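Q: Plus 4 on top of the position in the sequence shown (first one is 1) and you've got our numbering. For glycine and all other residues, C-beta sits at the position ideal for the given N, C-alpha and C. Please read all numbers here as calculations on a predicted model, not as lab measurements. Take this structure first; my questions come after.
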Amino acid sequence: PAGTGKTHLSVALLVENILSTPTYDRLNVDFISMINLLARIKDTFSKNSKEPEKDVVEYYCNIQNLYIDDIGVEQATDWALACVYRIIDHRWGNELRTVFTSNFTLDELAKKMDVRISSRIRGMCNSIKLGGKDRRHK
């Protein structure tokens with residue numbers, strides 16, 4: 005459920021990842037929500053964009069350690085699903101560390117997005133279910 009500490013746990017993993025990584029490689033880590041990742045790609049469509057779409061997609065395909073927050077929240081358009089699939093498929097095939105958070109189970113993601121996406125996530129991750137009440141509502 006929302007507010008159970010998924011993002012907090014993901015950031016803790018990210019910090020541990022950075023602290024255990026040699027200084028020269030610490031820039032090879034990124035944390036972004038899926039909504040913002042897709043927005044960053046979409047921003048390249050603007051004629052004022054200084055970055056080509058290919059470069060942004062390749063960045064997320066190839067960064068050594070990627071933390072994606074709130075997968076499944078994005079609108080599941082054909083374009084968004086193709087972008088998500090391309091990035092996850094590349095990362096899965098190249099065994100790049102990827103941490104996901106979501107309010108959806110993998111079975112729910114399969115229905116909402118695509119079974120191929122959830123299958124790859126299942127194959128590259130250990131799933132941890134967090135329960136409890138929304139900590140943002142005290």
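Is the stretch 51-68 touching the stretch 78-86 in the sense that three or more CB pairs, one from each, lie closer than 8 Å?
A: no
Q: Considering only C-alpha positions, which residue in the set ASN130, THR102 and ARG140 is nearest to SER37?
A: Within the sequence shown, numbered from 1, the residue matching residue 37 stands at position 33. Of the listed residues, the one whose Cα sits closest to SER37 is THR102.
Q: Indicate the three-state DSSP secondary structure (helix, strand or coil) for ARG90 in the structure shown.
A: Position 86 of the sequence shown holds residue 90. Reduced to three states, the DSSP call for ARG90 is helix.
Q: In the DSSP assignment, the beta strand (DSSP E) including ASP102 goes from what residue to what residue?
A: Locating residue 102 in the sequence shown gives position 98, counting from the first residue. The residue you asked about is not Asp; residue 102 is Thr in the sequence shown. 101-104 is the extent of the beta strand (DSSP E) around THR102.
Q: The beta strand (DSSP E) spanning LEU70 covers which residue range?
A: The count along the sequence shown starts at 1 and reaches residue 70 at position 66. Following the DSSP letters along the chain, one finds LEU70 inside the beta strand (DSSP E) bounded by residues 69-73.
Q: Look at the alpha carbon of PHE35 and the alpha carbon of SER123, and state the distance between them as a whole number of angstroms.
A: Working through the sequence shown from its first residue, we reach residue 35 at position 31. Working through the sequence shown from its first residue, we reach residue 123 at position 119. Distance between the alpha carbons of PHE35 and SER123 is about 22 Å.
Q: Taking just the CA atoms, how far does ASN98 sit from ARG139?
A: Within the sequence shown, the letter at position 135 stands for residue 139. Within the sequence shown, the letter at position 94 stands for residue 98. ARG139 and ASN98 have their alpha carbons spaced roughly 36 Å apart.
Q: Give me the residue from ILE72, PHE104 and ILE67 with the minimum Cα distance to SER131.
A: Working through the sequence shown from its first residue, we reach residue 131 at position 127. If we check each option's Cα against that of SER131, PHE104 comes out closest.
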